[in-house]
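Note sheet for the following structure.
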């Protein structure tokens, strides 16, 4: 797996140049996944079983009898560093949005398996006790966290606020969220068995970069004469645009479930960009006939990193934050329900029998199975 | 709250001198707890309710109908820094034990509410991709994590392995675990209503410092001529002794539940040492007539930091890693069951009507409510 395969010019800025080397992480991931899979049998002592198909999905699912239990822990990543830089430049705290981003990382993954998120736990590991001494920032983090819980209808159960001098850098914070939910009724489980040729692909709009691609975005800032204050659109700085909080999609998936729309499969479009449309293990072709509008900040990043469409769509969400695979007959209704919950959406394509690939026809880009090894 | 109140000599090394300032963290914690409590109502949309008494406890509990759902996220803290130093001195990797410590932080808290831990998620945030390039260390982390899951009978659901250059320090790793479990049957719930005068206090032995007090322990090393290689007992270095993995107590609590022992209340003895015996909100007196043997590493720390018993017992576990409050008639059986699962235990005292205090009679130390504000 490499996101640099299509780099063709010397000035292209790729993901690996931005400091993330998946070749070093992946052997560990494989070993961890293998060890983790070997622990599933423990559940039988309690009369439970894992949903094995969830092993390759975004959240882990256990059959506990009357419903399925889903759980996850997710990291924000490096987006808080942008908030810190922008605070230095503008005096404003962006941590309310950062809180939403962190919860979105967990909730938007949890819902892909059909789960209703119930409880969120906060993991706020600061570089020292003094991080919490900035009352404006701390209060913004608390308020934003609360508000995101309100939007998602989850209970904030508690969390952990360690001061980790020597591990977390001074003045920084490592933010993560865990989320527990249930799949109820059990028919809501969407771990892939229902996906089939003929299904429609509905893309839910992103609000911007969300929280993936920030290493690249932060690297790019070094090339910008005005740095984070460079305008990406009139009156909108690069930094402000990057900090648009990630859209929370659980109100949409909950509304769809209530409306009886069967979500055959879902993909949260995070790292690996549109290659995430290939997440499902089956050999199926995803033919995209319409792409969403590209948020200004992503168009700006693509332009200034000199990435071609292939590279940009393989790394960034390019306007699509979440993909829903639904029966064709429900496609327009899905769009309408998303819009009713304030999330722009479009029927973007169809699932077809054929080799495993995503064909993004409007831009002439195709990704095949070789472009994504997530499992 | 201050753990330095009893510092009397210039050479005493206290917890705040070791770099953790709770005065800065606590206002944020209070604000976060208030905001979190205000989100509980969201559960009613799904037909569920929170167990309000769990708000002040170590894990958050929701009534989901047939059973209670419990969840938590917990951080290892700074113990990994000791493993890193010892690796430099001995060439060995201690990360299998560090993995157990991390899981213990989550599991030992989760079980206090009567929960059976079911699923653990790993949160391993490294200072850069290269952390995972040390195969010996990475494999030890994976193997130790797996083994701890095996001991606790939990399924390792998955996790997150971000590379967080700029947030986590280069060469370091921020380790945490989330854990989800159920309280089933619901009668196992132990959030305090059953605790009453006459109950016995059974203390389960610790294996050493566990993962609390490490800031102090690391600060002390600067005063030791041979540093981490200083012997705390013949053939046992300070570093090795500190790195004894935290005891996992869930096999004991599961066995007690199966044997029909009613756990009226539990306290995981972590930060704040024996003051954690005051965790229950009621006004009750905890009279301790027997104390466990103090592990050599804790006796060594007390001696070399010149702490009196009051300060040592208010910060470190001093040999008691977990407290069980059980009916007096079940006290000896509780000890026997713990021992049968390889955990040393003793009947240490009784719960009495009276002002909120813990009286540690063998050492003449008392802690009152003023000494602990956790909620």
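Protein chains in written order, with our numbering: chain A, 1 to 375; chain B, 1001 to 1375.
Glycine residues also receive a C-beta, built at the ideal position from the N, C-alpha and C atoms.
Does residue i pass the burial test, meaning 16 or more other C-beta atoms within 10 Å, or should it be called exposed?
i, result
"residue 47 (chain A)", "exposed"
"residue 1089 (chain B)", "exposed"
"residue 1030 (chain B)", "exposed"
"residue 174 (chain A)", "buried"
"residue 1147 (chain B)", "buried"
"residue 1162 (chain B)", "buried"
"residue 118 (chain A)", "buried"
"residue 1041 (chain B)", "exposed"
"residue 1245 (chain B)", "buried"
"residue 267 (chain A)", "buried"
"residue 1084 (chain B)", "buried"
"residue 9 (chain A)", "Reliability fails at residue 9 (chain A), whose pLDDT of 33 lies under 50, so the model's placement of it is uncertain and no value is given."
"residue 172 (chain A)", "buried"
"residue 1360 (chain B)", "buried"
"residue 23 (chain A)", "exposed"
"residue 340 (chain A)", "exposed"
"residue 187 (chain A)", "exposed"
"residue 1258 (chain B)", "exposed"
"residue 237 (chain A)", "buried"
For residue i, which residues from the same chain have a beta carbon less than 6 Å from its beta carbon, with the 5 sequence-adjacent residues on both sides left out?
i, result
"residue 348 (chain A)", "201, 203, 288, 290"
"residue 164 (chain A)", "125"
"residue 1300 (chain B)", "1232"
"residue 1072 (chain B)", "1059, 1106, 1109, 1110, 1179"
"residue 352 (chain A)", "197, 285, 287"
"residue 395 (chain A)", "Nothing about residue 395 (chain A) can be read from this structure; chain A reaches only from 1 to 375."
"residue 224 (chain A)", "230"
"residue 152 (chain A)", "107, 117, 248, 250"
In terms of residues, what are the limits of the alpha helix (DSSP H) holding residue i?
i, result
"residue 81 (chain A)", "79-90"
"residue 321 (chain A)", "Not the alpha helix (DSSP H): residue 321 (chain A) falls in the beta strand (DSSP E), residues 320-326."
"residue 1251 (chain B)", "1250-1258"
"residue 1265 (chain B)", "From DSSP, residue 1265 (chain B) is part of no alpha helix (DSSP H) but of the beta strand (DSSP E) over 1265-1268."
"residue 1297 (chain B)", "1296-1304"
"residue 1123 (chain B)", "Segment 1116-1126 is the beta strand (DSSP E) holding residue 1123 (chain B); no alpha helix (DSSP H) there."
"residue 141 (chain A)", "135-152"
Pull up the CB-CB distance for residue i and residue j, whole angstroms please, since I reckon it's below 8 Å.
i, j, result
"residue 1213 (chain B)", "residue 1315 (chain B)", "6 Å"
"residue 330 (chain A)", "residue 261 (chain A)", "5 Å"
"residue 391 (chain A)", "residue 54 (chain A)", "Nothing in the structure corresponds to residue 391 (chain A), since chain A is present only between 1 and 375."
"residue 1123 (chain B)", "residue 75 (chain A)", "7 Å"
"residue 1346 (chain B)", "residue 1292 (chain B)", "6 Å"
"residue 1192 (chain B)", "residue 1082 (chain B)", "No, residue 1192 (chain B) and residue 1082 (chain B) are not in contact; Cβ-Cβ is about 34 Å, not under 8 Å."
"residue 1269 (chain B)", "residue 1320 (chain B)", "5 Å"
"residue 32 (chain A)", "residue 1142 (chain B)", "5 Å"
In the DSSP assignment, find the unbroken beta strand (DSSP E) run with residue i in it and report its ends.
i, result
"residue 1232 (chain B)", "1231-1233"
"residue 1097 (chain B)", "No beta strand (DSSP E) contains residue 1097 (chain B), which is instead part of the alpha helix (DSSP H) from 1095-1110."
"residue 1215 (chain B)", "Residue 1215 (chain B) -> not in any beta strand (DSSP E); alpha helix (DSSP H) instead, spanning 1214-1221."
"residue 383 (chain A)", "A question about residue 383 (chain A) goes unanswered here, because the residues of chain A that appear run from 1 up to 375."
"residue 1156 (chain B)", "1155-1160"
"residue 352 (chain A)", "345-353"
"residue 1333 (chain B)", "Careful: residue 1333 (chain B) lies outside any beta strand (DSSP E), inside the alpha helix (DSSP H) at 1331-1340."
By Cβ distance, which residues of its chain are closer than 8 Å to residue i, with the 5 residues on each side in sequence left out?
i, result
"residue 1336 (chain B)", "none"
"residue 1079 (chain B)", "1098, 1101, 1211, 1214, 1242, 1243"
"residue 356 (chain A)", "278, 282, 283, 284, 285, 368, 369"
Under 7 Å Cβ to Cβ from residue i, same chain only, skipping five residues before and after it: list those, please.
i, result
"residue 1183 (chain B)", "1061, 1067, 1068, 1070, 1113, 1114, 1115, 1189"
"residue 273 (chain A)", "313, 314, 315, 316, 317, 318"
"residue 256 (chain A)", "263, 334, 337"
"residue 220 (chain A)", "13, 301, 304, 305"
"residue 1170 (chain B)", "1127, 1128"
"residue 1027 (chain B)", "none"
"residue 63 (chain A)", "48, 49, 51"
"residue 93 (chain A)", "87, 136, 137, 140"
"residue 375 (chain A)", "In this prediction, residue 375 (chain A) has a pLDDT of 44, which is less than 50 and means its spatial position is unreliable; what the coordinates show is noted afterwards. 56."
"residue 1206 (chain B)", "1247, 1295, 1317, 1319, 1320, 1321"
Inset, instruction - Could you please tell me which residues of the stretch 1087-1120 of chain B, in chain order, have their CB closer than 8 Å to any CB of chain A? - result: 1116, 1118, 1119
Legend entry - Residues within the stretch 1164-1175 of chain B neighbouring chain A, beta-carbon criterion of under 7 Å: 1164, 1165, 1166, 1167, 1168, 1169, 1172, 1174
Legend entry - Contact residues within the stretch 323-356 of chain A, judged by C-beta distance below 8 Å to chain B: none
Legend entry - Short-range partners of chain A found in the stretch 1264-1292 of chain B, where Cβ spacing is below 7 Å: none
Legend entry - Short-range partners of chain B found in the stretch 71-83 of chain A, where Cβ spacing is below 9 Å: 71, 72, 73, 74, 75, 76, 77, 78, 80, 81
Inset, instruction - Check each residue of the stretch 1357-1371 of chain B: if its Cβ is closer than 9 Å to any Cβ of chain A, include it; give the result in chain order. - result: none
Legend entry - Contacting positions in the stretch 33-55 of chain A - beta carbon closer than 9 Å to chain B: 33, 34, 35, 36, 37, 38, 39, 40, 41, 42, 43, 45, 46, 48, 50, 54, 55
Legend entry - Cβ-based contacts, 9 Å cut-off: residues of the stretch 1177-1205 of chain B near chain A: 1177, 1178, 1179, 1180, 1182, 1184
Legend entry - Interface residues of the stretch 1124-1143 of chain B facing chain A [CB-CB below 9 Å]: 1124, 1125, 1126, 1127, 1128, 1129, 1130, 1131, 1132, 1133, 1135, 1138, 1139, 1141, 1142, 1143
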